[in-house]
Amino acid sequence: MRAPLDDPVMRGFTEALDAVNRLADASPGFVARDRAGHRVLTDDAGPVIVNVSLWADYAALHDFVYRSAHAGYLRRRSRWFLPTEQPSTALWWVRGDEPPGVADAVRRLQHLRRYGPTPRAFSLRRRFGPDGRPAGRGR
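What the sequence shown shows, in our numbering, is residues 128 to 266, in sequence order.
What follows is the structure in structure tokens.
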């Protein structure tokens, strides 16, 4: 983050949170999000925001992230966020409809950064199916 959430620098981001969450709620394939919605954690690089959401499948997530109004905010992310270590998003399959917690999400991202994409944690570009087999690069 370029500044704390209550700083004017972050206003465009914070003002969009409710609208983006409503958009996700109404999107096909959206299942749930972490009850807190988002959390600010501090790592070696400073404050980072963590969002944990659960989607029925990758296609639904892809459509929301890149083909809805969310994409406009994504294109403007450099206004609110400094470049971060990549990958910055970890995906994995879960059973049930309860989203995992933030601690699990952080562990999965650390796993992905350390070992690369595996069935335990994978990236937007190199995914695995629920059966643990590599998934195609297409949507």
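For every residue, glycine included, the Cβ atom is placed at its ideal position computed from N, Cα and C. In this text, all values refer to a predicted model and were calculated from it rather than measured experimentally.
| Check | Outcome |
| --- | --- |
| Could you spell out where the alpha helix (DSSP H) holding Val229 opens and where it closes? | Val229 to Tyr242 |
| Answer yes if the region 231-243 comes into contact with the region 207-219, meaning at least three C-beta pairs across the two stretches below 8 Å, and no otherwise. | yes |
| Please report how far the alpha carbon of Arg260 lies from the alpha carbon of Val136, in whole angstroms. | 43 Å |
| Return yes when the Cβ of Trp220 is within less than 8 Å of the Cβ of Ala248, no when it is not. | no |
| In chain order, what residues of the same chain have a beta carbon less than 6 Å from the beta carbon of Pro246, not counting five sequence neighbours either side? | Phe255 and Gly259 |
| Could you name the residues of the same chain whose beta carbon sits closer than 8 Å to that of Gly139, not counting the 5 residues immediately before and after it, in chain order? | Arg203, Arg206 and Trp207 |
| When you compare only the Cα positions, how much space is there between Ala186 and Pro131? | 33 Å |
| Return the Cβ separation of Val72 and Ala198 in integer angstroms, given the expectation that the two are a contact with Cβ distance under 8 Å. | This structure does not reach residue 72, given that the chain is present from 128 up to 266, and the question cannot be answered. |
| Rounded to a whole number of angstroms, what is the C-alpha to C-alpha distance between Asn148 and Arg241? | 30 Å |
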